[in-house]
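As structure tokens, the structure follows; a few thoughts come after it.
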Amino acid sequence: MKKLQREDIQILSRYSDLSEKDVSEILNQNIYNQKPAWEKFLKLIFISLGIGFTVSGIIFFFAYNWAELPKFAKIGLTEALVIATTSLALFLKINNNIRNIILTGASALVGVLFAVFGQIYQTGANAYDFFLAWTIFITLWVIVAEFAPLWLMFIALVNTTLVLYSQQVVKDWDGSIVTTLLFILKFSGKTYIG
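Numbering-wise, the UniProt record's numbering puts 93 at position 93 of the sequence shown, and it's gapless, one number per residue.
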């Protein structure tokens, strides 16, 4: 049987002899979220915010202490953070959503690692190389996790890589070519995701 929708209940209340109390009870059972659903939602939101603020704090830590930290400390700390968050996501027996949120944080830290590496060893590479490497390194995590926010990060990285590539390497590409490629990538990603 199909789950009742709000419109179904409105039709029932209009054309049947249900009392206001009955309609309210049906709404509470079928439409409104109960306390456990709200608790789960708030828990996931606060964990996501915590991971996001932690990653932001790590970025600001490196920005503030950049001059005082030796090269190996910069690289070593970021590598240790990536390894630690990835290990947490892999080896802790936790809820799948929390595991995926931690993995999303680890994916952001991979970007921090490449940014730190790029600042220490300035190779003269194009900016798209940074985003391409970041995209390649998190691709397996994105496919395995099947987590929408991680896919969103991945799609943003692919788009950024493609746009920077068109601006820095193949400068003669028309804007319509880039837009068409982005559309094809989005369509193929939507087809893959389902």
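We put the beta carbon where it would ideally sit given N, CA and C, even for glycine.
- Phe-117: member of the alpha helix (DSSP H) spanning 96-120, first to last residue.
- Excluding the 5 residues flanking it on each side, Tyr-32 has no same chain C-beta neighbour closer than 7 angstroms.
- The C-beta of Ile-138 has 16 or more other C-beta atoms within 10 Å across all chains shown, which makes the residue buried.
- Pairing Val-116 with Phe-62 gives a Cβ-Cβ distance under 8 angstroms.
- In the three-state reduction of the DSSP assignment, Thr-54 falls in the helix class, which pools H, G and I.
- By the beta-carbon neighbour count (other beta carbons within 10 angstroms, threshold 16), Phe-53 is exposed.
- Going by beta carbons, Ala-127 and Leu-164 fall inside the 8 angstroms limit.
- A distance of 8 angstroms or more separates the beta carbons of Ile-155 and Gly-105.
- The stretch 96-111 and the stretch 38-48 touch, with three or more beta-carbon pairs separated by less than 8 angstroms.
- Straight through space, the alpha carbons of Leu-27 and Met-153 are spaced by roughly 36 angstroms.
- In its chain, beyond the 5 residues on either side, Ser-166 have a beta carbon closer than 7 angstroms to the beta carbon of Trp-173.
- With contacts defined as CB atoms closer than 8 angstroms, Ile-102 and Ser-48 fail to qualify as a contacting pair.
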